[in-house]
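First the structure, in the form of structure tokens, and then the observations on it.
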Amino acid sequence: MIILFNPQVCAPQARRFPLSVLHLGAVLNDDEYMIVDGNVDPAPVETIANLMRSRSDVELLAVSVMPGPQIGHAVPQCKKLKKLFPDLPILWGGYFPSMHTTVTLKSDFVDFAVRGQGEHTLVEFLRARRNGGSLDGIPGLSHKRRSEIIDNPPRPMISPDDLPEQLPYHKITPSNYLQGSFLGRRTAAHHTSMGCPFGCNFCGVISVYGSREKMAAPARTEAALRQLQAEFGVDSIQFFDNNFFLGEDHAIELCERMIPLHLKWWCEARIDILLRYRESTWQKLRAAGCKMIFFGAESGSDQSLREMNKSLTREQIISMAHRAQQFDIIPEFSFMFGNPRDPLGDALVTINLIYQLKAIDPRCEIIIQHFTPTPQRRGSYGRLDAQNPYPATVEEWATRPWINFASHHNPTVPWLRADLLSWLRNFETVVQCRWPTLQDFRLTPVTRKILQAFAGWRYRSRFYYFPIELKIAKRAVSLRNPRVESL
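Each residue of the sequence shown is one higher than the one before, counting from 42 in my numbering.
The following block contains the structure:
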């Protein structure tokens, strides 16, 4: 028996299908695993401990771990389980152990780590363990040999089409995850591709998956969506792909297959790619139910964008605001404040661009994040120095400052002064109140007008200092941040 454990990563009202462990379960026999999801189970350690005590055949605890809030739960929970059950092998997979393999395996409670795609690695690992075979020939696996850490060769990425089509939703309770959103009453999460072919040098996707993207065939995506509709009454989808669109022909076929489904959906895409799409393709996007698209705009400075290797310009960002408005699709622009070379100058230019985008389309969503460099990646955009090193242990990564760092929230980096960071956070508060996110479907029209009235004079005058009244108003209405992508 294998326990697939997904530690808590978000607040209860934001939880969606635990896709990582569902995909792992899909390659296993139905009777050889169980799923424990900390986003639903309020006491996952007790649940796992009870399974261990009631069954004698538990052979592995496989844990999906991302930096940020999830590692903050994974570390103490796995440490406690290892203390209770010293002979229980614990394997970590996901973004964190893929990027921080050595740090992961230096801990005394993680025995194995999977780098990159984990489905085939897990199957081969289990086969070797059960048959007494060597672990050295399993691509994508890292393990310990006495005091030495062994990193096997990387595993080549495979297409979603080469993995099982059906996800084992029967192993969870789907109704726990199909909550309302700005898209609809029963919103599901789905994933149709792996990897990213673009070289943005602040991003960790290439470090984990390489510089290619493998996309599911449109027919496969259609079949999955029809299943979600038929079995669970899903009326809306959040596609958590790094890039939902690449080739225009692929996008056209996918949209044509989705039009009869009458779903509303959100996805992530590249500005430069969609600007190349024909008007007829944009019309199909809208007809297929596309309501909002997340774009990594990152900066209002062409110089900063070049330094990021973003392959994007300020004018293209502006053009996207016009194009999306033309087809009644809401653009969601994400910006990273805290340019390592010129944090203040970059912030001022970016704020000017945000004002320009809001003048073009007041509905456009603005997501404000703070730049933090991706560790252990060559040629990264900005890096920490010897005086401010990355954590050497998983326990330190699980502390609040480093959870904030990994979440791009209130980071401590040597080039971003505390007074500038405070000013940027105040600007974010003003923007959030002047333009309450459309994704917070709980807000009434009256509440929105009150927030906008409170913040209007600050936004117009660009006076962001000491917005105490706005912070009180935000708490009073429990205003949410427009950060769907952070899920």
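Yeah, the Cβ is synthetic: ideal placement off N, Cα and C, and Gly gets one too.
Distance between residue j and residue i (C-alpha atoms, nearest Å)
{"i": "Ala-362", "j": "Ser-183", "result": "45 Å"}
{"i": "Ile-408", "j": "Tyr-74", "result": "38 Å"}
{"i": "Phe-468", "j": "Ile-199", "result": "43 Å"}
{"i": "Ala-517", "j": "Tyr-136", "result": "36 Å"}
{"i": "Cys-296", "j": "Leu-224", "result": "17 Å"}
{"i": "Gln-417", "j": "Val-50", "result": "Caution is warranted here: a pLDDT of 48 is assigned to Gln-417, below 50, making its placement in the model unreliable, and the coordinate value is therefore given only provisionally. Whole-angstrom Cα-Cα distance: 23 Å."}
{"i": "Trp-476", "j": "Arg-499", "result": "12 Å"}
{"i": "Gln-357", "j": "Asp-313", "result": "7 Å"}
{"i": "Tyr-422", "j": "Arg-156", "result": "23 Å"}
{"i": "Leu-129", "j": "Asn-242", "result": "38 Å"}
{"i": "Arg-355", "j": "Gly-174", "result": "55 Å"}
{"i": "Thr-413", "j": "Lys-515", "result": "26 Å"}
{"i": "Asp-177", "j": "Ile-191", "result": "8 Å"}
{"i": "Gly-221", "j": "Phe-280", "result": "15 Å"}
{"i": "Ser-338", "j": "Ala-169", "result": "The question names Ser, but residue 338 in the sequence shown is Ala. In a straight line, the C-alpha of Ala-338 is about 45 Å away from that of Ala-169."}
{"i": "Tyr-406", "j": "Thr-214", "result": "What sits at residue 406 in the sequence shown is Glu, not Tyr. If you take the alpha carbons of Glu-406 and Thr-214, they lie about 32 Å apart."}
{"i": "Arg-253", "j": "Ile-509", "result": "46 Å"}
{"i": "Gln-480", "j": "Glu-189", "result": "48 Å"}
{"i": "Ile-530", "j": "Glu-320", "result": "Residue 530 is absent from the model: the chain starts at 42 and stops at 528."}
{"i": "Leu-389", "j": "Glu-348", "result": "17 Å"}
{"i": "Cys-331", "j": "Ile-444", "result": "32 Å"}
{"i": "Ala-115", "j": "Ser-148", "result": "13 Å"}
{"i": "Leu-353", "j": "Leu-394", "result": "14 Å"}
Residue i vs residue j beta-carbon contact at 9 Å
{"i": "Arg-273", "j": "Tyr-318", "result": "According to the sequence shown, residue 273 is Phe rather than Arg. Contact: no."}
{"i": "Phe-376", "j": "Thr-391", "result": "yes"}
{"i": "Val-454", "j": "Gly-379", "result": "yes"}
{"i": "Met-47", "j": "Val-104", "result": "According to the sequence as given, residue 47 is Asn; it is not Met. Yes; because the gap between Cβ atoms is below 9 Å, this pair is in contact."}
{"i": "Pro-83", "j": "Gln-118", "result": "no"}
{"i": "Ala-67", "j": "Pro-180", "result": "no"}
{"i": "Leu-132", "j": "Leu-92", "result": "no"}
{"i": "Leu-567", "j": "Ala-265", "result": "It is not possible to answer for residue 567, since the shown part of the chain is limited to 42 through 528."}
{"i": "Ile-76", "j": "Leu-63", "result": "yes"}
{"i": "Leu-69", "j": "Leu-163", "result": "yes"}
{"i": "Arg-56", "j": "Tyr-218", "result": "yes"}
{"i": "Gln-493", "j": "His-449", "result": "no"}
{"i": "Asp-276", "j": "Arg-196", "result": "no"}
{"i": "Gly-79", "j": "Val-106", "result": "no"}
Buried/exposed call for residue i, threshold 16 Cβ in 10 Å
{"i": "Ser-519", "result": "exposed"}
{"i": "Glu-373", "result": "buried"}
{"i": "Lys-490", "result": "exposed"}
{"i": "Ala-459", "result": "exposed"}
{"i": "Thr-262", "result": "buried"}
{"i": "Pro-486", "result": "exposed"}
{"i": "Tyr-396", "result": "exposed"}
{"i": "Tyr-506", "result": "exposed"}
{"i": "Phe-504", "result": "exposed"}
{"i": "Lys-120", "result": "buried"}
{"i": "Ala-292", "result": "buried"}
{"i": "Arg-311", "result": "buried"}
{"i": "Arg-605", "result": "Beyond the ends of the chain as shown, which are 42 and 528, falls residue 605; an answer cannot be given."}
{"i": "Gln-324", "result": "exposed"}
{"i": "Ala-329", "result": "buried"}
{"i": "Leu-528", "result": "Because Leu-528 carries a pLDDT of 42, less than 50, the predicted location of this residue cannot be relied on, and the following value inherits that uncertainty. Looking at its Cβ environment, which holds fewer than 16 other Cβ atoms inside 10 Å, Leu-528 is exposed."}
{"i": "Gln-111", "result": "buried"}
{"i": "Val-525", "result": "With a pLDDT of only 45 at Val-525, under 50, the local geometry of the prediction cannot be trusted, and the value read off the model is given with reservation. With 16 or more Cβ atoms within 10 Å of its Cβ, Val-525 is classed as buried."}
One or two residues paired with residue i in a DSSP bridge
{"i": "Asp-78", "result": "Asn-47"}
{"i": "Gln-279", "result": "Ala-230, Trp-307"}
{"i": "Ile-408", "result": "Ser-375"}
{"i": "Asp-290", "result": "According to DSSP, Asp-290 bridges with nothing at all."}
{"i": "Phe-335", "result": "Glu-309, Glu-373"}
{"i": "Met-235", "result": "Lys-255"}
{"i": "His-184", "result": "Phe-153, Ile-191"}
{"i": "Trp-133", "result": "Val-104, Ala-154"}
Chain B contact for residue i (CB, 9 Å cutoff)
{"i": "Phe-126", "result": "No chain B appears in this structure, which consists of one protein chain only."}
(message) I'd like to know if the segment 305-321 and the segment 245-263 are in contact, where contact means that at least 3 CB-CB pairs between them fall below 8 Å.
(response) Too few Cβ pairs lie closer than 8 Å, so no.
(message) When you compare the segment 281-294 with the segment 231-247, are there three or more beta-carbon pairs, one atom per stretch, that lie closer than 8 Å?
(response) Result yes; three or more Cβ-Cβ pairs closer than 8 Å.
(message) Across the segment 236-247 and the segment 263-278, are there enough close Cβ pairs to call them in contact, namely three or more that are closer than 8 Å?
(response) No, the segment 236-247 is not in contact with the segment 263-278.
(request) Could you tell me whether the segment 146-155 touches the segment 167-184, using the rule of 3 or more Cβ pairs below 8 Å? (result) Verdict: yes, contact present.
(request) Could you tell me whether the segment 91-105 touches the segment 432-443, using the rule of 3 or more Cβ pairs below 8 Å? (result) Judged by Cβ distances under 8 Å, the segment 91-105 makes no contact with the segment 432-443, as fewer than three pairs qualify.
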